[in-house]
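Here is the structure we will look at.
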Amino acid sequence: MNDALRIFACHSNRALAAEICDKLGLELSQMEISRFSNDNLHVQIRENVRERDVFVVQSFTEPVSDHIMELMITLDALRSASARRVTAVIPYYSYARSDKKDAPRISITGRLIADMLKTAGADRVLTMDLHADQVHGFFSVPVDHLTAIPTLAEHFRRNHDLAHMVAVATDAGGAKRVGRFSERLGIPMAIIDKRRVSDTNVTHGEVVGDVKGRDVVLFDDEISTAGTLLSTIGTLKAAGARTIHAGAVHAVLCGPAIERLRDAPIESIVVTNTVHMPPDKRLDKITQLTVAPLFASAIERIHTGESVGALFE
């Protein structure tokens, strides 16, 4: 396997890529990303990939446009270097949030990026916990869609008393995801009645379900600015929740998120390393779990032609 498999990393999450390689007993393959004086990106593959099975790890994190262009140019360089198959490994696909035409004259950018990946040279895509399941259908190349729900659920199983715990969805759109999480733990679930009054005004109403005197775990696919999380905490406190925890796959933590979370009345926040977390975003209440073993297993199965879905059976 080692002779035919190559794993490269662009700049967004090299730590995760290195950990994946460590799990597979491989060295991270060599490439160079630089800029010309006119700010154009330049990518050069530094080793032979002819007829190799190649994987490129890149999350769509800040600066998103730069990281997307790095990946596109890398895919094109690998195709030009005669790689047998190129898989774009995108732990966090941020444009999955742009999955519908909910305003006039806008782009469904999640589909546009999917088209660009194929054009650039991706033969398949490996990703994790897309914001909406239907984004999977935007791709015209094979997609392996992993989930970190079992990883996060196991953490809560090991570290919390589940007897009085309830999983809560921040809105009806996340109910299916939270349902899978609560089923893993064998705990009940509740839903926050979130209503959109206008384009910029979202209100949280009643809690649908019993949270009074219970330990609540808010579960979502990502924490971005933490605005929804913060307003949901207030709703749950008013409904009598005893303690509040949060679980999310992607710790985007942009804008005022860290300040909001630092002062929020929340016991713990559990996320994964699909998004690189610099030291200035680390709080004592945040626990970051690794998904490298899951990605490593998926890459090995793709390389050898085994079922990736079997990882979750």
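To convert, count from 1 in the sequence shown and add 3; that's this note's numbering. C-beta atoms are modelled at their ideal positions from N, C-alpha and C, and glycine is treated no differently.
Exposure label - residue i; buried when at least 16 CB within 10 Å
| i | result |
| --- | --- |
| residue 3 | This structure does not reach residue 3, given that the chain is present from 4 up to 316, and the question cannot be answered. |
| residue 317 | Beyond the ends of the chain as shown, which are 4 and 316, falls residue 317; an answer cannot be given. |
| residue 286 | exposed |
| residue 176 | exposed |
| residue 269 | buried |
| residue 124 | buried |
| residue 222 | buried |
| residue 167 | exposed |
| residue 159 | buried |
| residue 180 | buried |
| residue 313 | exposed |
Alpha-carbon to alpha-carbon, residue j and residue i
| i | j | result |
| --- | --- | --- |
| residue 172 | residue 130 | 23 Å |
| residue 25 | residue 212 | 44 Å |
| residue 114 | residue 214 | 38 Å |
| residue 81 | residue 194 | 46 Å |
| residue 14 | residue 70 | 7 Å |
| residue 308 | residue 157 | 28 Å |
| residue 178 | residue 46 | 42 Å |
| residue 33 | residue 8 | 13 Å |
| residue 120 | residue 72 | 10 Å |
| residue 278 | residue 142 | 22 Å |
| residue 10 | residue 305 | 13 Å |
| residue 49 | residue 87 | 17 Å |
| residue 200 | residue 232 | Bear in mind that a pLDDT of 49 at residue 200, under 50, signals an unreliable position, so the model cannot answer this. |
| residue 293 | residue 60 | 15 Å |
| residue 78 | residue 37 | 15 Å |
| residue 20 | residue 110 | 31 Å |
| residue 247 | residue 315 | 28 Å |
| residue 273 | residue 263 | 16 Å |
| residue 169 | residue 184 | 10 Å |
| residue 196 | residue 44 | 46 Å |
| residue 135 | residue 35 | 34 Å |
| residue 202 | residue 229 | Its pLDDT being 39, under 50, residue 202 is placed unreliably in this model, and the coordinates cannot settle the point. |
| residue 56 | residue 240 | 51 Å |
| residue 182 | residue 104 | 26 Å |
| residue 282 | residue 12 | 21 Å |
| residue 288 | residue 106 | 37 Å |
| residue 267 | residue 155 | 21 Å |
| residue 22 | residue 108 | 42 Å |
Closest Cα partner of residue i within the set the options
| i | options | result |
| --- | --- | --- |
| residue 323 | 232, 42, 92, 217 | Summary: the structure shown does not reach residue 323, with the chain confined to residues 4 through 316, and so no result is reported for it. |
| residue 127 | 192, 91, 160, 102 | 91 |
| residue 151 | 123, 283, 275 | 275 |
| residue 295 | 7, 17, 6, 9 | 17 |
| residue 58 | 37, 31, 49 | 31 |
| residue 284 | 141, 260, 222 | 260 |
| residue 271 | 124, 133, 210, 163 | 163 |
| residue 299 | 289, 311, 222 | 311 |
| residue 189 | 165, 289, 230, 291 | 165 |
| residue 209 | 313, 235, 143, 231 | 235 |
| residue 53 | 159, 85, 253 | 85 |
| residue 302 | 74, 93, 83 | 93 |
| residue 280 | 137, 256, 267 | 256 |
| residue 118 | 108, 297, 138, 22 | 138 |
| residue 153 | 132, 27, 245 | 132 |
| residue 149 | 219, 74, 252 | 252 |
| residue 161 | 174, 145, 187 | 187 |
Can you give, in chain order, each stretch of the alpha helix (DSSP H) that sits fully within the stretch 208-281 and has at least 4 residues?
If only complete runs of 4 or more residues are kept, the stretch 208-281 shows the alpha helix (DSSP H) at 230-241, 260-266, in order along the chain.
Continuous beta strand (DSSP E) assignments of at least 3 residues falling wholly in the stretch 110-191:
Within the stretch 110-191, the complete beta strand (DSSP E) runs of at least 3 residues are 127-131, 146-149, 168-172.
Is there contact here, the stretch 63-71 with the stretch 92-109, by at least three beta-carbon pairs under 8 Å?
Contact between the stretch 63-71 and the stretch 92-109 is established, with three or more Cβ pairs separated by less than 8 Å.
List, from N- to C-terminal side, the alpha helix (DSSP H) runs of 4 residues or more that fit wholly inside the stretch 54-98.
The qualifying runs are 67-83.
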